[in-house]
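Engineer: Protein chains in written order, with this note's numbering: chain D, 1 to 268; chain U, 269 to 449.
Just so you know, even glycine gets a beta-carbon here, dropped at the ideal spot from N, CA and C.
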């Protein structure tokens, strides 16, 4: 059977309306992976079905939306773990000698179990702590990546590539500058660690009317252990270029241009 | 959410996967009436249809992770959840028991056959379109789509060869397509 015959065999309609058998569904999905025209025909029919359903829409009671949402919230919150208590079973027995012997054995056995459980618990606790720490680290990395991704994909954001100006220390970073909100984010790609009395400082630079450069501090920052960092800097509405210098920790004065590390032009 | 926000299906799905409350709100506003219309065609009692719609939305919310966009559009997926839920409802014991004027029989086939012979007056939506099909097609679509019988079951109930049931349903669907496209 050629693909056109297959398309017009009624299989698309059976599949979309949920009337196809399991075998037919599997075959159809395999065919879809091979033939884009089949997917297109399926899509067209799906759109027609949706339009048909919308033409015949019927409004449910007005309070239903709230009711459903409440039901969803309720089941979500009831998914908390349950506590199961173990009821010990007690049994009476006669004969004190037997009781004495049993209690000694029990004592020894209990001691043995207590000891093994104690060790196991300790081990479990350690590995649990370790896992939790690992999850926390992964989470923070993930959050950073997600944030980075969000900024990078925003169409209003201008990317300024900061290139190193010093020989031998190829400092590089990217500035993501949202021209509508004036937010500035700095993503460090490669910046060497500094001695503890020094900090990096980001500047926005405006070309003044008389040809003078007007720097404006967007904040000081440190480079931590974790090299790929995203920093939210002060907002700026207007900038012709950005620059990064090395300054004394807590610098409040102007930029030390001798220590210019990297620079990038804002093309707007 | 501003009333003008419009999500693509893809955006909506990814927000639902993150259990976003606004996405639920949008999902409900945008699809509840179309799905309710579909359910109403199978479950004629409005109150019961409302219960079905509630279950459908809860299911959509829970199962969104199993939606696969390579297999079809979001609406199609939801439509099939709604149709299946509605059919499950009309086949459930409490619903069958509640049907008045229709004596409960152990033989589900004869009940269904009754309903085919005396189809409920429900001239809206897809049913309206189906009523334009010729009789032999109309019965088959009603039984398979609105009552959820398999081809094998229909073949037994109507005493028709399985192959005939299959080809007739296919032809009926093809006609249906030209009617709604």
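(1) Examine chain D for any beta-carbon lying closer than 8 Å to the beta-carbon of residue 432 (chain U), and answer yes or no.
(2) Use the C-beta contact count for residue 11 (chain D): other C-beta atoms within 10 angstroms, 16 or more gives buried, fewer gives exposed.
(3) Counting Cβ pairs closer than 8 Å, one from the region 104-114 of chain D and one from the region 138-153 of chain D, do we hit at least three?
(4) Mind listing, in chain order, the continuous beta strand (DSSP E) runs of no fewer than 3 residues lying wholly within the region 191-249 of chain D?
(5) Beta-carbon within less than 7 Å of residue 376 (chain U)'s beta-carbon, same chain only, minus the 5 sequence neighbours each way: which residues are those?
(6) Can you give the Cα-Cα distance for residue 70 (chain D) and residue 426 (chain U), rounded to whole angstroms?
(7) Interface residues of chain D around residue 448 (chain U) at Cβ under 8 Å?
(8) Below 7 Å between beta carbons is the criterion; list the residues of the region 294-314 of chain U that meet it against any residue of chain D, in chain order.
(9) Identify each residue in the region 32-48 of chain D for which the Cβ-Cβ distance to at least one residue of chain U is less than 9 Å, and report them in chain order.
(10) So which residues of chain D does residue 439 (chain U) contact, with C-beta pairs closer than 8 Å?
(11) For residue 14 (chain D), name the three-state secondary structure that DSSP assigns.
(12) Are residue 202 (chain D) and residue 233 (chain D) closer than 8 Å when you measure CB to CB?
(13) Going straight from the alpha carbon of residue 378 (chain U) to that of residue 351 (chain U), what length do you get?
(14) Entirely within the region 92-178 of chain D and at least 4 residues each: give me those alpha helix (DSSP H) ranges in chain order.
(15) Could you tell me whether the region 238-254 of chain D touches the region 194-212 of chain D, using the rule of 3 or more Cβ pairs below 8 Å?
(16) Using a threshold of 8 Å, state whether the C-beta atoms of residue 174 (chain D) and residue 160 (chain D) are closer than that.
(17) Taking just the CA atoms, how far does residue 63 (chain D) sit from residue 337 (chain U)?
(18) So, does the CB of residue 335 (chain U) fall closer than 8 Å to a CB anywhere in chain D?
(19) Using three-state DSSP, classify residue 311 (chain U) as helix, strand or coil.
(20) Here's the rule I'm using: 16 or more other beta-carbon atoms within 10 Å means buried, otherwise exposed. How should residue 98 (chain D) be labelled?
(21) How many Å lie between residue 207 (chain D) and residue 224 (chain D) at the Cα?
(22) For a contact meaning CB atoms closer than 7 Å, what does residue 425 (chain U) contact in chain D?
(23) Looking at the C-beta of residue 26 (chain D), does it have a partner C-beta in chain U at a distance below 8 Å?
(24) Comparing C-alpha positions only, which one of U:444, U:295 and U:402 sits nearest to residue 68 (chain D)?
Structural biologist: On the basis of the supplied data:
(1) Not an interface residue.
(2) Counting every other CB atom within 10 Å of its CB across the protein chains shown gives residue 11 (chain D) a total of 16 or more, marking it as buried.
(3) No, the region 104-114 of chain D does not touch the region 138-153 of chain D.
(4) The region 191-249 of chain D is shown to contain whole beta strand (DSSP E) runs of 3 or more residues at 198-207, 213-221, 229-233 and 241-248, in chain order.
(5) Confidence in residue 376 (chain U) is poor, its pLDDT being 46 and thus under 50, which makes the residue's placement unreliable; the coordinate value appears in the next sentence. Contacts found: none.
(6) When rounded, the distance between both Cα atoms is 45 Å.
(7) Neighbours of residue 448 (chain U) on chain D, chain order: 48, 49, 51 and 52.
(8) The residues in question are 296, 300, 301, 302, 304, 305, 306 and 308.
(9) Answer set for the region 32-48 of chain D: 32, 33, 39, 42, 43, 44, 45, 46, 47 and 48.
(10) Under the 8 Å cutoff, chain D gives 10.
(11) Three-state DSSP puts residue 14 (chain D) in a helix.
(12) In this structure, residue 233 (chain D) lies closer than 8 Å to residue 202 (chain D) by Cβ.
(13) Note that residue 378 (chain U) has pLDDT 45, beneath the 50 cutoff, so the model's placement of it is unreliable and the number below is only indicative. Computed Cα separation, rounded: 22 Å.
(14) Here the runs fully enclosed are 96-153.
(15) Short answer: they touch.
(16) Going by beta carbons, residue 174 (chain D) and residue 160 (chain D) fall inside the 8 Å limit.
(17) The straight-line gap from Cα to Cα measures roughly 31 Å.
(18) Taking 8 Å as the threshold, the shortest C-beta distance from residue 335 (chain U) to chain D does not fall below it.
(19) Residue 311 (chain U) falls in the coil class under three-state DSSP.
(20) Answer is exposed; the Cβ neighbour count stays below 16.
(21) Using only the alpha carbons, I get a separation of about 32 Å.
(22) Residues of chain D passing the Cβ test: none, with the nearest at roughly 16 Å.
(23) When Cβ-Cβ separations below 8 Å define contact, residue 26 (chain D) makes no contact with chain U.
(24) Ranking U:444, U:295 and U:402 by CA distance to the CA of residue 68 (chain D) puts U:295 first.
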